[in-house]
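**Student:** Here the protein sequences line up with chains A and B, keeping their order.
For what it's worth, the working numbering labels the leading residue of the first sequence as 1, then goes sequentially.
For what it's worth, the working numbering labels the leading residue of the second sequence as 150, then goes sequentially.
Glycine is no exception: its CB is placed at the ideal position from the N, C-alpha and C atoms.
If you're wondering where the values come from, they're calculated on a predicted model, not measured in any experiment.
The following block contains the structure, expressed as structure tokens.
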Amino acid sequence: MVLEQLDTLYREVILDHFREPHNHGELPDAQIKAQGTNPLCGDEMAFWVKLNGDHIEQVKFSGKGCAISQAAASMLTEQLKGKSLKDAHGLIQTMRAMMQGQEPSPQADLGDLESLAGVRKFPVRIKCAALSWNILEQGLQDYQRKGAA
Amino acid sequence: MLDVQRIRQDFPILHRTVHDRRPLVYLDNAATTQKPRQVIEALVNYYSRYNANIHRGIHALAEEATAAYERTRVETGRFINAPSSRSVIFTRNATEAINVIAQAWGRANLQSGDEILLTEMEHHANLVPWQMVAKATGAKLAHVGISDDGVLKMDEYRQKLTSKTKVVGVTHMSNVLGTINPVEEISKLAHAKGALVVVDAAQSAPQLRLDVQAMGCDALAFSAHKMLGPTGVGVLYAKEELLEAMPPFLGGGEMIADVTLTDATWNELPWKFEAGTPNIADVVAFSEALAYLERIGLQAVRAHEQELLGYALERLQGLDDISLYGPKALDQRGGAVSFNLAGLHPHDVGTILDHEGIAIRAGHHCAKPLMRRLGVAATARASFYFYNTKEEVDCLVDGLRAVKAFFARPARAVRGS
């Protein structure tokens, strides 16, 4: 029973991403670089986003953290590739709503990010999952604000 | 020798279970300790029998409440061997106690060119208040480093302690490393340069017999909730002459002698520093916590913790891929042990242990500069108190084996749900 509970948090796909994170590294020529910290545990993470027009051509992340934060970042970067900035914001909103208990619409293409639904049963760990999209959203917003100014 | 099984009968919470009826193994005592029924009953008794506002009432309940509140002050003073209970101020917690000194004394006495000397192993509670005062006054911050095994570099302390140093802030016992700092020597050296010494005793007050006169410090702060007492009560001890010379921290009721529309004069010590209705119920119940510790004796508390810590360090060292932080010598440390398992984040370690019923702390422990010094983002920390047992240490070690096994499971080829 206890192990089953833990398995809803640490799904195999999450552990896979944790063990072998996708898109881990830096992109020196990225237009967007966003950094942030989880104040609870001190984990630091950075995202590099390379744009082609208003589409995300490449995105990487760096930093160390727990299995949940690392897997979430790995899955998120995977899912963001090729998306427009608008769709990227939409994906982030969907993930945020999911953490607050809303079921994503069947049309939403979440890929492996779907496996993070189990984190909701572990309220203290939601911040670990949310760290990556919070940082990324801040970075996208700062970039767009700068562009508009 | 403590009769731990009998002692555990006094702590109702130690008999509950968590996550699918697992017995609770509570190893997060450096964060807060559990409360014996004597303390819990004292809270109920206060609210059931003599709840009243203190000092100003002229009825029976107010008299009883005032007497119980002030009696606790006397007992608290005695507990740390303060020369007078006028030196004992009740605050919300140790953090607020340090802020009283930093803000009230610091703003009135520090200026540009002065230095505030702290250490690399301080809790944020003994860093941030001084940073705020430094910004406000133009005083400079300096920090004494630690060795790789978490011992304060006393040579560096002697070097950095100069005639510019106006105050030295130091933890008596690190909440991360467990390191016990030589406060007596630190005070002597500081006083020779004319600097004040402010001691964060939040971790040491629950475990060591404190004698503020022998320690020689000018001020000392600790929290009731880390030593069997309720939350919401902190203690600031400071030398009377220091408190007399300091302006008040907060203004309001109770802390005044006289008030006109445009001016006020201050009440006597200690009430000058206790504006507004204090946390009467929790202070009164803290008295039972002190009585409990006196009954079993701080020497026995310390001896039991040393035994547990020694056992824990020995067993933990037997695990592969574990990094342990803090001094090797048992007599140089208190009952907290911080560690990391290679390749695993302490939050993941904490979550798995939690599901085994084991409560530890994982994170930066409000000591981010120390984490940076250790070269880690976070650590896991198990911290013991006198009601913990060797069997619970065994549970921790077994739990850590389970953590390693959990994350060592072969990754499945199948993806998604």
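For M520(B), does the three-state DSSP call read helix, strand or coil?
**Tutor:** DSSP places M520(B) in helix when its eight states are reduced to three.
**Student:** Could you check if I429(B) is buried or exposed, using at least 16 other CB atoms within 10 Å of its CB as the buried criterion?
**Tutor:** By the neighbour-count rule (16 or more Cβ atoms within 10 Å), I429(B) is buried.
**Student:** Return yes when the Cβ of L465(B) is within less than 8 Å of the Cβ of I507(B), no when it is not.
**Tutor:** Against a cut-off of 8 Å, the Cβ pair of L465(B) and I507(B) comes out as no contact.
**Student:** Pull up the DSSP beta-bridge partners for R171(B), would you.
**Tutor:** Bridge partners of R171(B): V167(B).
**Student:** Going by beta-carbon coordinates alone, are L140(A) and L85(A) separated by less than 8 Å?
**Tutor:** Yes, Cβ-Cβ distance for L140(A) and L85(A) is below 8 Å.
**Student:** Please identify, using Cβ separations under 8 Å, the residues of the segment 506 to 525 of chain B that lie next to chain A, in order along the chain.
**Tutor:** Of all residues in the segment 506 to 525 of chain B, A511, G512, H513, K517 and M520 have a Cβ within less than 8 Å of some Cβ in chain A.
**Student:** Look up L267(B) in the DSSP assignment and say whether it is helix, strand or coil.
**Tutor:** Strand.
**Student:** Excluding sequence positions up to five away, which residues of its chain have a Cβ less than 8 Å from the Cβ of H120(A)?
**Tutor:** It is Arg, not His, that sits at residue 120(A) in the sequence shown. Contacts found: M98, M99, G101 and I126.
**Student:** Taking a Cβ distance cut-off of 8 Å, strictly less, list which residues of the segment 25 to 49 of chain A are near chain B, in chain order.
**Tutor:** Those would be L40, C41, G42, D43 and E44, in chain order.
**Student:** Just to make sure I have the definition right: I need the residues of chain B whose C-beta is within less than 8 Å of the C-beta of R125(A). Which are they?
**Tutor:** The answer, in chain order, is H496 and T500.
**Student:** Answer yes or no: does any C-beta atom of chain A fall closer than 8 Å to that of A527(B)?
**Tutor:** Closer than 8 Å to some Cβ of chain A, the Cβ of A527(B) qualifies, so yes.
**Student:** Leaving out the 5 sequence neighbours to the left and right, which residues in its chain are closer than 7 Å to Y195(B) when beta-carbon positions are compared?
**Tutor:** Once the five neighbours on either side are set aside, the close Cβ partners of Y195(B) are A430, V433 and A434.
**Student:** Determine whether the beta carbon atoms of Y474(B) and I156(B) lie at a separation below 8 Å.
**Tutor:** Going by C-beta atoms, Y474(B) is not nearer than 8 Å to I156(B).
**Student:** Any C-beta of chain B sitting closer than 8 Å to the C-beta of F61(A)?
**Tutor:** No, F61(A) lies away from the interface with chain B (no Cβ there is under 8 Å from its Cβ).
**Student:** Between T166(B) and L173(B), is the Cβ-Cβ spacing less than 8 Å?
**Tutor:** Contact flag set, yes.
**Student:** Is it true that the segment 545 to 559 of chain B meets the segment 493 to 502 of chain B, where meeting means three or more beta-carbon pairs spaced less than 8 Å apart?
**Tutor:** In short, these stretches touch, since the Cβ pair count reaches three.
**Student:** What does G65(A) reach in chain E if we use C-beta pairs closer than 7 Å?
**Tutor:** The structure shown contains no chain E; its protein chains are A and B.
**Student:** Identify whether S472(B) lies in helix, strand or coil by the three-state DSSP scheme.
**Tutor:** Residue state, collapsed to three classes: strand.
**Student:** Determine whether the beta carbon atoms of M270(B) and S336(B) lie at a separation below 8 Å.
**Tutor:** No, the Cβ-Cβ distance between M270(B) and S336(B) is not below 8 Å.
**Student:** Run the CB neighbour count on Q154(B), radius 10 Å, all protein chains shown included, and call it buried at 16 or more, exposed below.
**Tutor:** Under this definition Q154(B) is an exposed residue.
**Student:** So, does the CB of L76(A) fall closer than 8 Å to a CB anywhere in chain B?
**Tutor:** By this cut-off, L76(A) is not an interface position.
**Student:** For A341(B) and S312(B), what's the separation of their Cα atoms in angstroms?
**Tutor:** Their Cα atoms are separated by approximately 9 Å.
**Student:** With burial defined as no fewer than 16 other Cβ atoms inside 10 Å of the residue's Cβ, what is the status of P161(B): buried or exposed?
**Tutor:** When all chains shown are included, P161(B) counts as exposed.
**Student:** Quick one, which of N202(B), D159(B), V382(B) and D169(B) has its alpha-carbon nearest K184(B)'s?
**Tutor:** The shortest Cα separation from K184(B) among N202(B), D159(B), V382(B) and D169(B) belongs to D159(B).
**Student:** Quick check on the burial criterion: 16 or more other C-beta atoms within 10 angstroms. Buried or exposed for G400(B)?
**Tutor:** So G400(B) ends up on the exposed side.
**Student:** Classify Q52(A) as buried or exposed, calling it buried when 16 or more other Cβ atoms lie within 10 Å of its own Cβ.
**Tutor:** A small correction: the amino acid at residue 52(A) is Asn; Gln does not occupy that position in the sequence shown. Burial call: exposed.
**Student:** Out of curiosity, what's the CA-to-CA distance linking K289(B) and I247(B)?
**Tutor:** Each residue's alpha carbon lies about 18 Å from the other.
**Student:** How is the beta strand (DSSP E) around Q35(A) delimited, first residue to last?
**Tutor:** Segment I32 to T37, the beta strand (DSSP E) holding Q35(A).
**Student:** Using only alpha-carbon positions, find the residue among G65(A), I68(A), D54(A) and M95(A) that is nearest to Q79(A).
**Tutor:** Minimum Cα distance to Q79(A) is reached at M95(A).
**Student:** Give a yes or no on whether the C-beta atoms belonging to D367(B) and A394(B) are separated by under 8 Å.
**Tutor:** No, these two residues do not count as a Cβ contact at 8 Å.
**Student:** If we cut at 8 Å on Cβ distances, does L9(A) have a partner in chain B?
**Tutor:** So yes, L9(A) belongs to the interface.
**Student:** Can you tell me whether I207(B) is buried or exposed? The criterion is at least 16 other CB atoms within 10 Å of its CB, across all chains shown.
**Tutor:** Exposed is the call here.
**Student:** Quick check on the DSSP output: the beta strand (DSSP E) that includes N489(B) runs from which residue to which?
**Tutor:** Counting along the chain, the beta strand (DSSP E) containing N489(B) begins and ends at A485 to L490.
**Student:** Check whether the Cβ atoms of T37(A) and F61(A) lie closer than 8 Å to each other.
**Tutor:** No, these two residues do not count as a Cβ contact at 8 Å.
**Student:** Would you mind giving the Cβ-Cβ distance between A103(B) and A531(B), rounded to the nearest angstrom? I have them listed as a contact below 8 Å.
**Tutor:** Here chain B covers residues 150 to 566 and nothing more, so residue 103(B) does not appear.
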